[in-house]
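What follows is a single structure, written as C-alpha cells, with notes after it.
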Amino acid sequence: MFDRAEIAVKAGNGGDGVVSFRREKWVPFGGPDGGDGGDGGDVIVMADSAVTSLRAFKQKRYYKAAGGRNGGGKRKHGKKGENLLLTVPVGTVVSYKSYIGGDALIADLEQPGQQAVVAKGGKGGFGNTHFATSTNQAPQIAQKGEEGEENSIILELKLIADVGLIGYPNVGKSTLLAAVSAAKPKIASYPFTTREPILGVVEVGQRSFVLAEIPGLIDGAHLGRGLGHDFLRHIVRTKVLIHLIDGSSSSPAEDMVLVNTELSLFDSALAQKPQLVVVNKIDLPQVKARLAEIKDSFTAVGTKAFFVSAATGEGLPELMTETMSLLQSAARSEAGIKIQKKVFHPQPRSVVPEVHKEGDTFVVTAPELERMVTRTDVTSPRLPWELRRQLVRLGVTKALERAGVKPGDSVRCGNFEWEWQ
Ligand SMILES: Nc1nc2c(ncn2[C@@H]2O[C@H](COP(=O)(O)OP(=O)(O)OP(=O)(O)O)[C@@H](O)[C@H]2O)c(=O)[nH]1
Ligand SMILES: [Mg+2]
Numbered sequence: 038m039f040d041r042a043e044i045a046v047k048a049g050n051g052g053d054g055v056v057s058f059r060r061e062k063w064v065p066f067g068g069p070d071g072g073d074g075g076d077g078g079d080v081i082v083m084a085d086s087a088v089t090s091l092r093a094f095k096q097k098r099y100y101k102a103a104g105g106r107n108g109g110g111k112r113k114h115g116k117k118g119e120n121l122l123l124t125v126p127v128g129t130v131v132s133y134k135s136y137i138g139g140d141a142l143i144a145d146l147e148q149p150g151q152q153a154v155v156a157k158g159g160k161g162g163f164g165n166t167h168f169a170t171s172t173n174q175a176p177q178i179a180q181k182g183e184e185g186e187e188n189s190i191i192l193e194l195k196l197i198a199d200v201g202l203i204g205y206p207n208v209g210k211s212t213l214l215a216a217v218s219a220a221k222p223k224i225a226s227y228p229f230t231t232r233e234p235i236l237g238v239v240e241v242g243q244r245s246f247v248l249a250e251i252p253g254l255i256d257g258a259h260l261g262r263g264l265g266h267d268f269l270r271h272i273v274r275t276k277v278l279i280h281l282i283d284g285s286s287s288s289p290a291e292d293m294v295l296v297n298t299e300l301s302l303f304d305s306a307l308a309q310k311p312q313l314v315v316v317n318k319i320d321l322p323q324v325k326a327r328l329a330e331i332k333d334s335f336t337a338v339g340t341k342a343f344f345v346s347a348a349t350g351e352g353l354p355e356l357m358t359e360t361m362s363l364l365q366s367a368a369r370s371e372a373g374i375k376i377q378k379k380v381f382h383p384q385p386r387s388v389v390p391e392v393h394k395e396g397d398t399f400v401v402t403a404p405e406l407e408r409m410v411t412r413t414d415v416t417s418p419r420l421p422w423e424l425r426r427q428l429v430r431l432g433v434t435k436a437l438e439r440a441g442v443k444p445g446d447s448v449r450c451g452n453f454e455w456e457w458q
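This note's numbering applies: residue 38 is where the sequence shown begins, and numbers increase by one.
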C-alpha cells in the first residue's frame with residue numbers, strides 16, 4: 038500500500054577561501070586579496086506530477102551535490118556548487134532517518150513544485166581579505182570550506198485515494214469495494230467490520246482510480262464518537278465521494294441527510310465535495326418492493342440517486358463510469374487553481390563553540406575555528422596573535438574560560454594543539 042525508499046544524501050562541500058596578496062608593479066605592499074570559496078550545492082527533493090513512483094530511489098541510493106570551487110587571488114570568488122534536484126511523486130513524505138528511533142519529518146510534499154532541502158551545502162570559506170584589521174594589514178589566514186551536510190533520508194509515498202466510499206456502518210461499503218476492485222476487505226453482517234481505511238484500484242477502460250472505504254462514519258463521529266474522527270481526515274484528501282446508503286433502512290433519504298450533516302460538522306469543505314448518492318441492496322425483495330417510493334423520497338430532497346446491488350453487481354459498471362467522469366471534471370476544475378509553492382528548510386545547525394576535557398587537554402568543538410586552523414600556516418610569527426583575535430571573535434575564549442582554562446593548559450581544536458596564554 039505504501040511506496041518507500043531510503044537514500045543517503047550528501048551536499049557539496051564549500052570551496053576554500055585563499056590567502057593571497059596583491060602584487061602590482063608600482064605597489065610595494067599590496068593588501069590581502071584572497072577570494073572566498075563558493076558555497077556547496079544543496080540536495081533538494083521536489084514534488085513533480087510527472088513522477089509516479091519511488092522506484093528510481095530503490096536502484097540508486099546515494100546522491101551527492103557538487104562542491105563549491107576554491108577562491109582565487111584578486112578577490113576572485115569560487116563558483117557555487119550546483120544544487121542536486123531529486124524529483125519525487127506528489128504526496129511524498131520526506132523525513133530524516135534516525136538510528137535511535139523517532140524519524141523526524143522534514144516535509145509533506147503535497148503539491149507539485151513543493152521542495153524540501155534535505156542536505157545543506159557547506160559554506161565557502163572566507164579569503165584572507167576578511168581578516169584584515171587596522172592593526173593587521175597582512176592576515177595569513179583563510180577559512181577552509183565547510184563540509185556539506187550528509188543525511189539519511191526516508192521517502193514515503195502515501196497512496197492518496199481519489200474517491201472516498203462513505204456511509205453508515207453495514208451499508209455494504211466493503212462488499213462494493215470488493216466487487217469493483219481486487220481489494221479483499223472483510224465483509225460481515227454487523228457494523229464496524231472495517232476498522233481502518235481500505236484501498237482498492239478500480240479500472241474503467243484504460244483509466245483507473247483509487248477507491249477507499251472510509252469506516253466509522255456515525256452520528257457524532259465529528260466529536261470523536263465511534264472509531265474517532267481520524268478517518269474523516271482521509272476524506273479531506275479525496276476528490277469525489279461515493280455516498281452509499283442501505284436501501285433496506287427505514288428512511289434511506291433521511292440517512293443521507295444525517296451523514297452529510299455529520300460531514301459538514303467535521304469540515305464544511307467536505308459537504309462541498311462532489312458526491313454520488315447510491316442506494317444499495319436493491320436485490321433484496323423488501324427493497325425492490327418500495328423502489329419507487331425510495332426514488333421519490335430522494336427527488337423530494339433534490340437528489341438524483343443511483344441504485345445498485347453490491348452483492349449481485351447490478352448497476353456497478355455504470356456507477357464506476359460515472360465516478361470516473363466526475364473525477365475527471367473535478368481534476369479539470371482543480372487544475373485552474375494556482376497553487377502556492379512552498380520550500381521547506383531544515384533547522385540551521387548550532388554554531389556555539391563547545392569545550393570538553395580529555396585528560397588535561399581542553400578540546401574545543403567549533404567548526405569555524407577548526408576550518409581556519411587546519412589551513413593556517415603554523416610557522417607564521419603572527420599566528421598566536423591572529424589566533425587570539427579569532428578565538429575572541431568566535432566566542433571560544435569565553436567558552437574556554439567558563440570551562441576553567443588556565444595559562445599553561447593545553448588546548449586542542451581539530452588537529453591543532455597549543456598552550457593557553
Ligand atoms: N442483499 C445484499 N446484502 C448486501 C449487499 N451489500 C452488502 N450486503 C450485506 O450487508 C452486510 C454488510 O456489508 P459490508 O460490506 O461489510 O458493509 P460495510 O458498510 O463495509 O460495513 P462496516 O465495515 O461494518 O461498517 C453484509 O452482510 C453484506 O453481505 C447487497 O447489495 N445486497
Ligand atoms: Mg466494511
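Idealized CB from N, CA, C, for every residue including glycine. Because the structure is a prediction, the values reported are computed rather than measured.
Beta-bridge partners of residue 133, as assigned by DSSP: Looking up residue 133 in the sequence shown gives position 96. DSSP output for residue 133 lists 141 and 190 as bridge partner(s).
Residue 204 at chain E interface by Cβ criterion, 8 Å: The displayed structure is made up of one protein chain only, and chain E is not part of it.
Minimum C-alpha distance to residue 94 - residue among 45, 151, 142 and 113: The residue given as residue 94 occupies position 57 in the sequence shown. Per the Cα distances, 45.
Cβ-Cβ distance between residue 459 and residue 433 below 8 Å: This structure gives no information on residue 459, because the portion of the chain shown stretches from 38 to 458.
Local Cβ density within 10 Å of residue 106, reported as buried at 16 or more and exposed below that: Walking along the sequence shown from the start, residue 106 turns up at place 69. Result: buried.
Beta-carbon gap between residue 457 and residue 441 smaller than 8 Å: Numbered from 1 along the sequence shown, position 420 holds the residue referred to as residue 457. Numbered from 1 along the sequence shown, position 404 holds the residue referred to as residue 441. For residue 457 and residue 441, no; Cβs fall outside 8 Å.
Neighbourhood of residue 113 by C-beta distance below 8 Å, restricted to the same chain and skipping five residues each side: For this step, residue 113 is matched to residue 76 along the sequence shown. Closer than 8 Å at the Cβ level, and outside the excluded window around residue 113, lie 72.
Within 8 Å, strictly: CB atoms of residue 318 and residue 285: As a position in the sequence shown, residue 318 is number 281, starting the count at 1. As a position in the sequence shown, residue 285 is number 248, starting the count at 1. Yes.
Beta carbon of residue 282 nearer than 8 Å to that of residue 200: Working through the sequence shown from its first residue, we reach residue 282 at position 245. Working through the sequence shown from its first residue, we reach residue 200 at position 163. Taking a C-beta distance under 8 Å as the contact criterion, residue 282 and residue 200 do not qualify as a contact pair.
Contact under 8 Å by Cβ, residue 102 with residue 80: Here residue 102 corresponds to residue number 65 of the sequence shown, with the count starting at 1. Here residue 80 corresponds to residue number 43 of the sequence shown, with the count starting at 1. Contact: yes.
Closer than 7 Å: residue 203 CB and nearest ligand 1 heavy atom: Sequence index remark: in the sequence shown, residue 203 carries index 166 (1-based). Every heavy atom of ligand 1 is 7 Å or more from the Cβ of residue 203, so no.
Burial state of residue 394, where buried means 16 or more other Cβ atoms lie within 10 Å: Locating residue 394 in the sequence shown gives position 357, where the first residue counts as 1. Exposed is the call here.
Close Cβ partners of residue 408 (< 7 Å) along its chain, the five nearest in sequence each way excluded: Counted from its first residue, the sequence shown places residue 408 at position 371. Excluding residues up to 5 positions away in sequence, 162, 180, 181 and 183 lie with their Cβ nearer than 7 Å to the Cβ of residue 408 in the same chain.
Closer than 7 Å: residue 225 CB and nearest ligand 1 heavy atom: In the sequence shown, residue 225 corresponds to position 188, counting from 1. Within the chosen limit of 7 Å, ligand 1 reaches the beta carbon of residue 225 through at least one heavy atom.
Rounded distance between the beta-carbons of residue 178 and residue 423, thought under 8 Å: Position 386 of the sequence shown holds residue 423. Position 141 of the sequence shown holds residue 178. Contact flag correct, Cβ pair sits at about 6 Å.
Residue 218 beta carbon near ligand 2 (any heavy atom closer than 7 Å): Position 181 of the sequence shown, counting from 1, holds the residue named residue 218. Every heavy atom of ligand 2 is 7 Å or more from the Cβ of residue 218, so no.
Residue 166 - DSSP class collapsed to helix/strand/coil: As a working note, residue 166 is residue 129 in the sequence shown. Secondary structure of residue 166 (DSSP, three-state): helix.
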